[in-house]
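Let me begin by presenting the structure, written as structure tokens, before commenting on it.
Protein chains in written order, with the numbering used here: chain A, 8 to 247; chain B, 13 to 139.
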């Protein structure tokens, strides 16, 4: 019980809403984030720091692209696939986007069923999310293979500015790593849900603390963030 | 209807009533909300793909890309990540700091323009 009290901010006294609430929560010696457990707050703060990492990546890409005097390769043509007897621009990236968005949808529903304590549906939806995530990484591996065989390297490529390769591999590589780590964590949390660890109060193998269904939501925050980053990569790197 | 059924499942599901009480405050929204947002994300993605497919150019292209991007990001953060239901103390702490990146963008735009001009002046156009 002591653990639950530590994990959840007390919600006894009613707090003012809106802007007044924002000032009230942040003033004086107290927990700023009411009704948010430390796990969720820390995940948000981690995601904030990750935002800066990807922000810097996209910034360096912008700087490289704006300052080069050599023409930038046209991503619409570079990422085109020859399907059904014609070149369809950017089709693989579009499919990857839809796959990742779908995985975000299934994850959001998994969180919902988790709070309804529907173990079966939660675990199945999380496994589906992991499968879609793995599909995404697989398609990314295909894309990398295709570009590498076409001669794209971090230092050169057949179509134009050399920085195209370096920014491409760095940005999509880091994003793919995030997706891969997410898939691994999804499988771990899905297994815990399936076994009912959050109901029997089994202790985790790493922290030795009792888990809660909130872990599913925290996992979801990470996964949605991965999707969120892809929204920006898709817009700035592939479409721009 | 599905919701009632799910609640029912929930009643049978919990083993530790004390813990269940702690979670009663958790985020609970109808599944339909997620499906609607999912649908909108699909539509918006299709729109941004269409921008490329129909090869729109110039300001139209860039403004459409940015609009669709911000709408998608907003939907994901607000609904999927439940930020719309969190208190402003958390929302401001997480959403305001990334805006500083825009200052960084402005600085680097100036810097890269300067680099480009230097390159053109020193090496001539095309390296």
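Heads up, the beta-carbon is just placed ideally off N, CA and C, and yes, glycines get one too.
Quick one: list the residues of chain A neighbouring residue i, beta-carbon separation under 7 Å, in chain order.
{"i": "residue 57 of chain B", "result": "104, 105, 108"}
{"i": "residue 134 of chain B", "result": "Per Cβ cutoff of 7 Å: no residues; residue 134 of chain B is ~10 Å from chain A at best."}
{"i": "residue 52 of chain B", "result": "Those do not exist, as residue 52 of chain B stays about 10 Å from chain A at its closest Cβ, beyond 7 Å."}
Strictly below 7 Å CB to CB, what residues from chain B border residue i?
{"i": "residue 96 of chain A", "result": "64, 65"}
{"i": "residue 101 of chain A", "result": "61"}
{"i": "residue 58 of chain A", "result": "110"}
{"i": "residue 51 of chain A", "result": "102, 106"}
{"i": "residue 62 of chain A", "result": "110, 113"}
Report the option in the options whose CA atom is closest to the CA atom of residue i.
{"i": "residue 237 of chain A", "options": "A:181, A:221, A:50", "result": "A:181"}
{"i": "residue 118 of chain A", "options": "A:227, A:240, A:245, A:232", "result": "A:227"}
{"i": "residue 125 of chain A", "options": "A:205, A:143, A:247, A:154", "result": "A:205"}
{"i": "residue 53 of chain B", "options": "B:73, B:82, B:104", "result": "B:82"}
{"i": "residue 140 of chain A", "options": "A:160, A:34, A:130, A:186", "result": "A:186"}
{"i": "residue 133 of chain A", "options": "A:79, A:147, A:112", "result": "A:112"}
{"i": "residue 109 of chain A", "options": "B:132, B:57, B:109", "result": "B:57"}
{"i": "residue 42 of chain A", "options": "A:36, A:60, A:55, A:21", "result": "A:21"}
{"i": "residue 217 of chain A", "options": "A:230, A:196, A:231, A:229", "result": "A:196"}
Ends of the beta strand (DSSP E) at residue i?
{"i": "residue 95 of chain A", "result": "93–95"}
{"i": "residue 89 of chain A", "result": "88–90"}
Output the distance between the C-alpha atoms of residue i and residue j, rounded to the nearest integer angstrom.
{"i": "residue 36 of chain B", "j": "residue 221 of chain A", "result": "Low confidence applies to residue 36 of chain B: its pLDDT is 44, below 50, so where it sits in the model is not reliable enough to give any reading."}
{"i": "residue 128 of chain A", "j": "residue 51 of chain A", "result": "26 Å"}
{"i": "residue 22 of chain B", "j": "residue 210 of chain A", "result": "Low local confidence applies: a pLDDT of 38 at residue 22 of chain B is under 50, so the model's placement there is unreliable, and no value is given."}
{"i": "residue 176 of chain A", "j": "residue 100 of chain A", "result": "15 Å"}
{"i": "residue 66 of chain B", "j": "residue 57 of chain A", "result": "34 Å"}
{"i": "residue 245 of chain A", "j": "residue 113 of chain B", "result": "21 Å"}
{"i": "residue 32 of chain A", "j": "residue 93 of chain B", "result": "21 Å"}
{"i": "residue 131 of chain A", "j": "residue 192 of chain A", "result": "15 Å"}
{"i": "residue 234 of chain A", "j": "residue 107 of chain A", "result": "6 Å"}
{"i": "residue 73 of chain B", "j": "residue 242 of chain A", "result": "11 Å"}
{"i": "residue 179 of chain A", "j": "residue 126 of chain B", "result": "28 Å"}
{"i": "residue 74 of chain A", "j": "residue 30 of chain A", "result": "43 Å"}
{"i": "residue 64 of chain A", "j": "residue 174 of chain A", "result": "8 Å"}
{"i": "residue 89 of chain B", "j": "residue 95 of chain B", "result": "6 Å"}
{"i": "residue 34 of chain B", "j": "residue 202 of chain A", "result": "Residue placement at residue 34 of chain B is poorly supported in this model, since its pLDDT is 39, which falls under 50; the coordinates still yield a value, given next. Whole-angstrom Cα-Cα distance: 20 Å."}
{"i": "residue 44 of chain A", "j": "residue 219 of chain A", "result": "11 Å"}
{"i": "residue 72 of chain A", "j": "residue 80 of chain A", "result": "10 Å"}
{"i": "residue 247 of chain A", "j": "residue 34 of chain A", "result": "43 Å"}
{"i": "residue 59 of chain B", "j": "residue 49 of chain B", "result": "15 Å"}
{"i": "residue 82 of chain A", "j": "residue 97 of chain A", "result": "7 Å"}
{"i": "residue 170 of chain A", "j": "residue 62 of chain B", "result": "27 Å"}
Could you list which residues in chain A have their beta carbon closer than 8 Å to that of residue i, in chain order?
{"i": "residue 85 of chain B", "result": "235, 238, 239"}
{"i": "residue 71 of chain B", "result": "Neighbours of residue 71 of chain B on chain A: none; closest Cβ ~13 Å, over 8 Å."}
{"i": "residue 101 of chain B", "result": "28, 29, 32, 33, 39, 40, 41"}
{"i": "residue 121 of chain B", "result": "69, 73"}
{"i": "residue 117 of chain B", "result": "66, 69"}
Where do the N-terminal and C-terminal ends of the alpha helix (DSSP H) with residue i fall, by residue?
{"i": "residue 221 of chain A", "result": "221–240"}
{"i": "residue 189 of chain A", "result": "170–202"}
{"i": "residue 48 of chain B", "result": "43–65"}
{"i": "residue 74 of chain B", "result": "70–87"}
{"i": "residue 4 of chain A", "result": "Coverage of chain A is limited to positions 8 through 247, which leaves residue 4 of chain A absent and any answer about it impossible."}
{"i": "residue 84 of chain A", "result": "82–85"}
Using a cut-off of 8 Å between C-beta atoms, extract the partners of residue i located in chain B.
{"i": "residue 164 of chain A", "result": "The contacting residues do not exist; residue 164 of chain A stays about 15 Å from chain B at best."}
{"i": "residue 247 of chain A", "result": "74, 77"}
{"i": "residue 133 of chain A", "result": "Correct list: empty, because the minimum Cβ distance to chain B is about 14 Å."}
Since residue i meets chain A, which of its residues come closer than 9 Å, beta carbon to beta carbon?
{"i": "residue 48 of chain B", "result": "Going along chain A, no residue has its Cβ under 9 Å from residue 48 of chain B, so there is no contact; the nearest lies around 10 Å."}
Could you tell me which uninterrupted beta strand (DSSP E) segments, each at least 3 residues in length, are contained entirely in the region 13–76 of chain A, listed from first to last along the chain? Those beta strand (DSSP E) runs which fall completely within the region 13–76 of chain A and span 3+ residues do not exist here.
Start-end ranges of the alpha helix (DSSP H) lying completely within the region 93–127 of chain B, minimum 4 residues: 100–107, all fully within the region 93–127 of chain B.
Please specify which runs of the alpha helix (DSSP H), each continuous and at least 4 residues long, are wholly inside the region 97–145 of chain A, giving them in chain order. Within the region 97–145 of chain A, the runs of alpha helix (DSSP H) at least 4 residues long that lie entirely inside it are, in chain order, 98–122.
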